[in-house]
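Here is the structure we will look at, set down as structure tokens.
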Amino acid sequence: MRGPVAPPQVPLSVSRADTFRDLVLDSVERLERRWPQLQDVEFMILEVPPALSGEVVPLGGSVPADKREPAKVVVYRRPVEIRSKSRDERALLVHEVVVEQVAELLGLSPESVDPRYGQD
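Shown next as structure tokens:
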């Protein structure tokens, strides 16, 4: 008699999108410990940036809060994946993008947001 390969609550495979989401969440959690006000920021992942004129493809973006909407930080999954070869490289790049966009929102330098920025 054969049983299941893994219990039902354990996925047999994790999608690239889910893995990417976990990298973003890890980065956000790391920053929220230092910057509690980030709990009010909406962090989003989009596949690709909107069509832009020009040659530079952004890896992320940020939108300040207004009267109706919270501040937002966006990480573009496909451009980040294309620029990173391994999971470790991807994790580092995701964190750099998140730090840069949070710095933009807070009006600080990336090094102020995360003192380890650029040192990995």
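In terms of this note's numbering, the sequence shown has 74 at position 72, counting the first letter as 1, and numbering is strictly consecutive. A virtual CB, placed ideally from N, CA and C, is assigned to each residue, including glycine.
If we call anything under 8 Å between Cβ atoms a contact, is G62 one with V77?
Numbered from 1 along the sequence shown, position 60 holds the residue referred to as residue 62. Numbered from 1 along the sequence shown, position 75 holds the residue referred to as residue 77. Yes, the Cβ-Cβ distance between G62 and V77 is below 8 Å.
Which whole-angstrom value describes the C-beta separation of S29 and V100, a residue pair presumed to lie in contact below a C-beta threshold of 8 Å?
For the purposes of this step, residue 29 is taken as the residue at position 27 of the sequence shown. For the purposes of this step, residue 100 is taken as the residue at position 98 of the sequence shown. With 8 Å as the limit, S29 and V100 qualify as a contact, their Cβ atoms being about 4 Å apart.
Would DSSP call V75 helix, strand or coil?
Looking up residue 75 in the sequence shown gives position 73. Here V75 sits in strand by DSSP.
Test item: CB-CB of Q41 and E34 under 8 Å
Counted from its first residue, the sequence shown places residue 41 at position 39. Counted from its first residue, the sequence shown places residue 34 at position 32. Yes, Cβ-Cβ distance for Q41 and E34 is below 8 Å.
Under the three-state DSSP convention, the category S64 falls into
Taking the sequence shown and counting its residues from 1, the one referred to as residue 64 is at position 62. Strand at S64.
Own chain partners of I47 with C-beta closer than 7 Å, once the 5 adjacent residues on each side are dropped
In the sequence shown, residue 47 corresponds to position 45, counting from 1. Closer than 7 Å at the Cβ level, and outside the excluded window around I47, lie F22, R23, V26, V77 and R79.
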